[in-house]
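**Student:**
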Amino acid sequence: ALGTGVSSTRGLFALGRDRRLPAPLAAVSAERGTPVGAIVVLGVLATANIVITQNWPSLFALTGFPHYFAIFSWDSTFGGFALIVVYLAMSVGSIRSFAAAKGRVLAVLAALVGIAITGGAIYASLDKVPRPTLYAPYAALGVLVVGILIALFTRGRTPAAMHLEDLAVNPELARLEPLRVASPKR
7 ALGTGVSSTR GLFALGRDRR LPAPLAAVSA ERGTPVGAIV VLGVLATANI VITQNWPSLF
67 ALTGFPHYFA IFSWDSTFGG FALIVVYLAM SVGSIRSFAA AKGRVLAVLA ALVGIAITGG
127 AIYASLDKVP RPTLYAPYAA LGVLVVGILI ALFTRGRTPA AMHLEDLAVN PELARLEPLR
187 VASPKR
């Protein structure tokens, strides 16, 4: 939970910084440099999760298991599945990224192995999983679809790869202009 919380706050912070989500999510603590806006949002969501699961014992109920196990099973399946999908996307994306690299044959082969392994993990996440835990991967896919829609229909700032040569897939195409970042209002 701690690792998920830390990575989630950094993800929300980055989306706020890039103007894909509301800018207040990019607010940073002046004292510690932590993403305070995102921490508050994740804290509210975690509190809501606790309140809902404590007051709705039939939520995600698994016959023969205590309520806390059913909640843990659902939450961990959601998180694990989401992570698998991220690894799948990275494997697919790496094929394009390494297309012109030295040793590309081995890089593409590694990406194909990654795709096969994550494909198997996705299958295992759906095969013989009891309801309602089975709905966790579908909920994760729903979050992914919402994320894709946000990315498609919100205008964020230009990617850093367009300004910084070391982040560019093709450095010759990088404009190498100074990156203009609007500071979030405090």
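Using my numbering, read the sequence shown as starting at 7 and increasing by one per residue. Using N, Cα and C, we set each Cβ at its ideal position, and we do this for glycine too. If you're wondering where the values come from, they're calculated on a predicted model, not measured in any experiment.
Do you know how far the Cα of K108 is from the Cα of P30?
**Tutor:** 42 angstroms
**Student:** Which first and last residues belong to the alpha helix (DSSP H) in which R110 is found?
**Tutor:** 110-132
**Student:** Give a yes or no on whether the C-beta atoms belonging to S97 and G120 are separated by under 7 angstroms.
**Tutor:** Taking 7 angstroms as the Cβ cut-off, S97 and G120 qualify as a contacting pair.
**Student:** For V145 and F66, which I take to be in contact (beta-carbon distance under 8 angstroms), what is that distance rounded to the nearest angstrom?
**Tutor:** Strictly speaking, residue 145 in this sequence is Ala, with Val absent from that position. Rounded, the Cβ-Cβ distance is 11 angstroms, inconsistent with contact.
**Student:** Alpha carbon to alpha carbon, how far is I77 from K134? Give it in angstroms, no decimals.
**Tutor:** Each residue's Cα considered, the two are about 18 angstroms apart.
**Student:** Kindly indicate which residue of A33, L147, A105 has the alpha-carbon position closest to the one of V91.
**Tutor:** L147
**Student:** Below 7 angstroms between beta carbons: does that hold for T10 and A44?
**Tutor:** Judged by their CB atoms, T10 and A44 are not nearer to each other than the 7 angstroms cut-off.
**Student:** Look at I128 and A117 and say whether their C-beta atoms are less than 7 angstroms apart.
**Tutor:** I128 places its beta carbon 7 angstroms or farther from that of A117.
**Student:** Going by DSSP in three states, P72 sits in which element: helix, strand or coil?
**Tutor:** coil
**Student:** Check this for me: beta carbons of D24 and R137, under 7 angstroms apart or not?
**Tutor:** Their beta carbons are not under 7 angstroms apart, which means D24 does not touch R137 by this criterion.
**Student:** For Y141, which of A88, V42, L158, V12 has the nearest alpha-carbon?
**Tutor:** Comparing Cα positions, the closest option is A88.
**Student:** Among the candidates Q60, G17, V50, whose CA atom is the shortest distance from the CA of T40?
**Tutor:** G17
**Student:** Beta-carbon of F66 versus every beta-carbon of chain D: anything under 7 angstroms?
**Tutor:** In summary, chain D is missing from the structure at hand, where a single protein chain is found.
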